[in-house]
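Encoded as structure tokens, the structure appears first; notes follow it.
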Amino acid sequence: MNDQKYDPVLKAGEQLINGQAASPGYAIGCASLFNTSELVISTEPVDGMEVEAEYQQFIKARRIVVLELRKISEIASATDEEAHGIIQAQIQIAEDPELDKSIRRLIMERHYGADRAVNESFLYYIQLIKNTGNALMIDRIVDIRDIRDRLIRQIQHGELVSGVAEGSVVICDELMPSDILLFSRHKVIGIAANEGGLTAHATIIANSMGIPLVINAVGATRITSPGDMVVVDGVDGRLVVRPDASTLETYRREKERYTLELAESARIVELPSVTRCGREIVLRANIEFEEEFDNIRKYRARGIGLLRTESFFIEDEGLEEYYSKEAFFEKAVKAAAPDSVTIRLFDVGGDKFSDTTTKEPNPFLGWRGVRVLLDKRQLLRSQLTAIMNVAGRNPGKIRILVPMVSVVEEIIEIRREVAALTEKMRGNGKPFDENLEIGTMVEIPSAALIAGRLAEEADFFSVGTNDLTQYTLAVDRGNRLISKLFQQMHPAVFQLIKKTADAAIEKGISIEVCGELASNPDAALCLVGMGITDLSMSAASLPRVKKAIRKYSMLEMAELSQMVLDAATQDEVRLILDNWKKEKEGDFSR
Numbered sequence: 286m287n288d289q290k291y292d293p294v295l296k297a298g299e300q301l302i303n304g305q306a307a308s309p310g311y312a313i314g315c316a317s318l319f320n321t322s323e324l325v326i327s328t329e330p331v332d333g334m335e336v337e338a339e340y341q342q343f344i345k346a347r348r349i350v351v352l353e354l355r356k357i358s359e360i361a362s363a364t365d366e367e368a369h370g371i372i373q374a375q376i377q378i379a380e381d382p383e384l385d386k387s388i389r390r391l392i393m394e395r396h397y398g399a400d401r402a403v404n405e406s407f408l409y410y411i412q413l414i415k416n417t418g419n420a421l422m423i424d425r426i427v428d429i430r431d432i433r434d435r436l437i438r439q440i441q442h443g444e445l446v447s448g449v450a451e452g453s454v455v456i457c458d459e460l461m462p463s464d465i466l467l468f469s470r471h472k473v474i475g476i477a478a479n480e481g482g483l484t485a486h487a488t489i490i491a492n493s494m495g496i497p498l499v500i501n502a503v504g505a506t507r508i509t510s511p512g513d514m515v516v517v518d519g520v521d522g523r524l525v526v527r528p529d530a531s532t533l534e535t536y537r538r539e540k541e542r543y544t545l546e547l548a549e550s551a552r553i554v555e556l557p558s559v560t561r562c563g564r565e566i567v568l569r570a571n572i573e574f575e576e577e578f579d580n581i582r583k584y585r586a587r588g589i590g591l592l593r594t595e596s597f598f599i600e601d602e603g604l605e606e607y608y609s610k611e612a613f614f615e616k617a618v619k620a621a622a623p624d625s626v627t628i629r630l631f632d633v634g635g636d637k638f639s640d641t642t643t644k645e646p647n648p649f650l651g652w653r654g655v656r657v658l659l660d661k662r663q664l665l666r667s668q669l670t671a672i673m674n675v676a677g678r679n680p681g682k683i684r685i686l687v688p689m690v691s692v693v694e695e696i697i698e699i700r701r702e703v704a705a706l707t708e709k710m711r712g713n714g715k716p717f718d719e720n721l722e723i724g725t726m727v728e729i730p731s732a733a734l735i736a737g738r739l740a741e742e743a744d745f746f747s748v749g750t751n752d753l754t755q756y757t758l759a760v761d762r763g764n765r766l767i768s769k770l771f772q773q774m775h776p777a778v779f780q781l782i783k784k785t786a787d788a789a790i791e792k793g794i795s796i797e798v799c800g801e802l803a804s805n806p807d808a809a810l811c812l813v814g815m816g817i818t819d820l821s822m823s824a825a826s827l828p829r830v831k832k833a834i835r836k837y838s839m840l841e842m843a844e845l846s847q848m849v850l851d852a853a854t855q856d857e858v859r860l861i862l863d864n865w866k867k868e869k870e871g872d873f874s875r
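Counting from 286, one number per residue, gives the positions in the sequence shown under my numbering.
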């Protein structure tokens, strides 16, 4: 802060709370109080005719919570592998089949409400852990309580949103990631919380969405009334309630200055994405939620390289009603214009379907992705119909990406379905895209090894490095015992990517990398050196990747990638990168 900034001496009528800056920026606006610290559990029994609907309410809540955790996990993995492992463990807790059985039994047999059944089941689970006397197990109770609270809040979701006004500053006790996503939909401009942590999941999300946040602002909910004018200072960690005119003017100037600083620091965003020798590298954005569309323009992404569709599981209607999601795809096309959108078909496991009772001992190696879609043809066809309808109205702007392909027959079968639907659209006089591209996710080693044959059936490849790493190294990255072996920069992973890239180039089809590896500037240099000139990542990662690739020529990066491919370990890869950059003038100040 400079000398002209807000002097924290209380003026008449205003109140100041010193908290902790958690997400930078300034927000000036009217307060909305959002109090969720006390969970009120229903005790009223559920009518016997309503128990199945009550159980489905729990199922829906769990889907939302798991989707949010996966989103947080993706963000966390880029900066903190330990936090990533913790979040993966929380997902396992949420999906624990024994908990599901307990909750279902309490609802069906004892007619508990969904929130009460969740609470009772988790309390029993927590007590069992306490009884073990194992300190490491007891430490997990915090994570278990967090999952419980997420589920209950999600079940009670409708009652919690009423007090949040659009464009307001939220004052609350404590944050959950689901709260942040909710607030973003209400266009909340800032948040101050009585409690919180810098590494908390909600803080990670607030940062990624650019929402100013002050945590540990003790007493914020006590001294603030709905509609009060407030200032959230996410730079110095202050909350000013009912500021006077001079304080408001000071902070308005600070906000303007901060905006200018951001513009300067984001100068790289406006520069072209080209190597030192002038070769264009296409940088696209990975998108899941509509709230992220603005980031495409903000970070100058070349369209959407991966549009995830799994979030549709949180909707009320059945999955076969997928056609109702055409509006979402239309918005995606508009946000990505003039570039294209690559829509990945549902990549979900069989556990998401209520008509499936078979328990899979290893769902990562089981019924998921294209395997589910080919078995549930109505779901596949309704999904393809929605995508193809939008593609027909926007020719050349949409591509279809097929997840978890392991054998050639799978992509052939998808093409048959697309061809049949195309003929149906032609017969009905509907517009369709005659050149609609169908691509294959390369995220299973078998797909990489037969990439040459897959390239004869696919129009493009998209390498998913997260799953490719997991399957190549036989490492469940959610398993904290072996999470250190989840090494995305292992030479074996790079070798499979190189084999895939060579096959794509030889067959004349395009290839992109859309996993976390693409968002790592060092890894991006290696990928470009392998001839991959199309990368897709979280939009916020684009500037630093662009900055890296602008420093070097294609020849230099090809030299680097060859050394990396000849390495034996990830540590050796990192050493090669460090030494190479030093030889090329060290850090990225070149």
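Note that beta-carbon positions come from the ideal geometry of N, C-alpha and C, so glycine has one too.
Inset, instruction - Could you tell me the distance, in whole angstroms, from the CA atom of R829 to the CA atom of G737? - result: Position 544 of the sequence shown, counted from the start, is the residue given in the question as residue 829. Position 452 of the sequence shown, counted from the start, is the residue given in the question as residue 737. Going from the Cα of R829 to the Cα of G737 covers about 33 Å.
Inset, instruction - To the nearest angstrom, report how far apart A808 and L802 are at their CA atoms. - result: By one-based count along the sequence shown, residue 808 stands at place 523. By one-based count along the sequence shown, residue 802 stands at place 517. Straight-line Cα distance between these residues: approximately 6 Å.
Legend entry - Limits of the unbroken beta strand (DSSP E) element including T328: Here residue 328 corresponds to residue number 43 of the sequence shown, with the count starting at 1. Neither: T328 is in no beta strand (DSSP E) and is coded neither H nor E.
Inset, instruction - Evaluate T642 with the Cβ neighbour count: other Cβ atoms within 10 Å of its Cβ, from every protein chain shown; 16 or more gives buried, anything less gives exposed. - result: Here residue 642 refers to the residue found at position 357 of the sequence shown. Model confidence at T642 stands at a pLDDT of 44, short of 50, so the residue's coordinates are unreliable and nothing is read from them.
Inset, instruction - Return the chain-ordered list of same chain residues with a C-beta closer than 7 Å to the C-beta of R656, the five sequence neighbours on each side being excluded. - result: The sequence position of residue 656 within the sequence shown is 371, counting from 1. Closer than 7 Å at Cβ, skipping near neighbours: M689.
Legend entry - Within 8 Å, strictly: CB atoms of V499 and G304: Here residue 499 refers to the residue found at position 214 when the sequence shown is read from its first residue. Here residue 304 refers to the residue found at position 19 when the sequence shown is read from its first residue. Yes, the Cβ-Cβ distance between V499 and G304 is below 8 Å.
Legend entry - Candidates K472, S821, T509 and R470: closest to N479 by CA position: By one-based count along the sequence shown, residue 479 stands at place 194. Checking every option, the nearest Cα to that of N479 belongs to T509.
Legend entry - Of the listed residues Q663, V526, A786 and L460, nearest to E299 (C-alpha basis): What you label residue 299 is simply residue 14 of the sequence shown in a count that begins at 1. The candidate whose alpha carbon is nearest that of E299 is V526.
Legend entry - Whole-angstrom distance between V703 and N847, CA atom to CA atom: Locating residue 847 in the sequence shown gives position 562, where the first residue counts as 1. Locating residue 703 in the sequence shown gives position 418, where the first residue counts as 1. The amino acid occupying residue 847 in the given sequence is Gln; Asn does not appear at that position. The alpha-carbon atoms of Q847 and V703 are separated by roughly 39 Å.
Inset, instruction - Look up G298 in the DSSP assignment and say whether it is helix, strand or coil. - result: Taking the sequence shown and counting its residues from 1, one reaches residue 298 at position 13. G298 falls in the coil class under three-state DSSP.
Inset, instruction - Rounded to whole angstroms, what's the CA-CA distance from L533 to V520? Just pull it up for me. - result: Looking up residue 533 in the sequence shown gives position 248. Looking up residue 520 in the sequence shown gives position 235. L533 and V520: Cα-Cα distance of roughly 16 Å.
Legend entry - N896 in three-state terms, based on DSSP: Look at the range of the chain in this structure, 286 to 875, and you will see that residue 896 is not part of it.
Legend entry - Spatial distance of V727 from S625 (CA atoms): Against the sequence shown, residue 727 aligns to sequence position 442. Against the sequence shown, residue 625 aligns to sequence position 340. Cα-Cα distance, rounded: 20 Å.
Inset, instruction - Return the bridge partner residues of T560 from the DSSP annotation. - result: Within the sequence shown, numbered from 1, the residue matching residue 560 stands at position 275. Answer is none; T560 lacks a bridge partner.
Inset, instruction - Might you give, ordered along the chain, the residues of its own chain that have their beta carbon closer than 6 Å to the beta carbon of G603, omitting 5 neighbours on each side? - result: Numbered from 1 along the sequence shown, position 318 holds the residue referred to as residue 603. With a pLDDT of 46 at G603, under the threshold of 50, the predicted position of this residue should be treated as unreliable, though the coordinate-derived value follows. Hits under 6 Å: none found.
Inset, instruction - Output the boundary residues of the alpha helix (DSSP H) element that contains C811. - result: The residue labelled residue 811 in the question sits at position 526 within the sequence shown. P806 to G814 is the extent of the alpha helix (DSSP H) around C811.
Legend entry - Residue burial classification, S838 (beta-carbon count within 10 angstroms, cutoff 16): Locating residue 838 in the sequence shown gives position 553, counting from the first residue. The residue in question, S838, is exposed, as its Cβ has fewer than 16 Cβ neighbours within 10 Å.
Legend entry - Inter-residue Cα distance where the pair is K540 and V515: Along the sequence shown, read from residue 1 onward, the residue named residue 540 stands at position 255. Along the sequence shown, read from residue 1 onward, the residue named residue 515 stands at position 230. About 14 Å.
Inset, instruction - Taking M514 as part of the beta strand (DSSP E), name the residues at either end of that continuous run. - result: For the purposes of this step, residue 514 is identified with residue 229 of the sequence shown, where counting begins at 1. Run containing M514: M514 to D518, per the beta strand (DSSP E) assignment.
Inset, instruction - Output the distance between the C-alpha atoms of I566 and E844, rounded to the nearest integer angstrom. - result: For the purposes of this step, residue 566 is taken as the residue at position 281 of the sequence shown. For the purposes of this step, residue 844 is taken as the residue at position 559 of the sequence shown. Those two C-alpha atoms are separated by around 17 Å.
Legend entry - alpha helix (DSSP H) segments (min. 4 residues) lying fully within the stretch 371-432: 382-395, 399-417 and 420-424
Legend entry - DSSP-derived helix/strand/coil call for E459: Here the question's residue 459 lines up with position 174 in the sequence shown. Reduced to three states, the DSSP call for E459 is coil.
Legend entry - alpha helix (DSSP H) segments (min. 4 residues) lying fully within the stretch 779-845: 806-814 and 827-834
Inset, instruction - Determine the burial state of I697: buried for a count of at least 16 other Cβ atoms within 10 Å of its Cβ, exposed for fewer. - result: Start at 1 with the first residue of the sequence shown, and residue 697 comes out as number 412. The residue in question, I697, is exposed, as its Cβ has fewer than 16 Cβ neighbours within 10 Å.
Legend entry - First through last residue of the beta strand (DSSP E) which encompasses E319: To locate residue 319, count along the sequence shown from 1; it is residue 34. First, the residue type needs correcting, since residue 319 is Phe and not Glu in the sequence shown. Element bounds for F319: Y311 to F319.
Legend entry - Residue(s) in a DSSP beta bridge with E722: Residue 722 sits at position 437 when you count from the first residue of the sequence shown. Per DSSP, R684.
Legend entry - Beta bridge counterpart(s) of A570 as assigned by DSSP: For the purposes of this step, residue 570 is taken as residue 285 along the sequence shown, with counting starting at 1. Note: A570 sits in a beta bridge opposite I589 and M822.
Inset, instruction - For V830, verify whether its CB is less than 7 Å away from any heavy atom of the ligand NAP. - result: Ligands displayed in this structure: none; no statement on the ligand NAP is therefore possible.
Legend entry - Stretch-stretch touch, CB-based, cutoff 8 Å, three pairs: the stretch 612-623 with the stretch 587-596: yes
Inset, instruction - Determine the DSSP secondary structure at E576, reduced to helix, strand or coil. - result: By one-based count along the sequence shown, residue 576 stands at place 291. If DSSP states are grouped into helix, strand and coil, E576 belongs with the helices.
Legend entry - Reduced DSSP secondary structure (H/G/I, E/B, other) of N479: Translated into the one-based positions of the sequence shown, residue 479 becomes position 194. It is coil, neither helix nor strand.
Inset, instruction - Could you say which of S823, L812 and S821 lies nearest to L862 if we only look at CA atoms? - result: Locating residue 862 in the sequence shown gives position 577, counting from the first residue. Looking at the Cα atoms, L812 is the closest of the given residues.
Inset, instruction - Determine the direct distance from the alpha carbon of L318 to that of L758, and round the result to whole angstroms. - result: By one-based count along the sequence shown, residue 758 stands at place 473. By one-based count along the sequence shown, residue 318 stands at place 33. Taking the straight line from one Cα to the other gives about 48 Å.
Inset, instruction - Taking all protein chains shown into account, decide if N287 is buried (16 or more other Cβ within 10 angstroms of its Cβ) or exposed. - result: Locating residue 287 in the sequence shown gives position 2, where the first residue counts as 1. For N287, the predicted model reports a pLDDT of 41, less than 50, meaning its position is unreliable and no value from the coordinates is stated.
Legend entry - Contact between the stretch 658-668 and the stretch 712-720 (3+ Cβ pairs under 8 Å): no
Inset, instruction - Evaluate the contact criterion for the stretch 851-868 versus the stretch 570-581: three or more CB pairs, one atom per stretch, below 8 Å. - result: no
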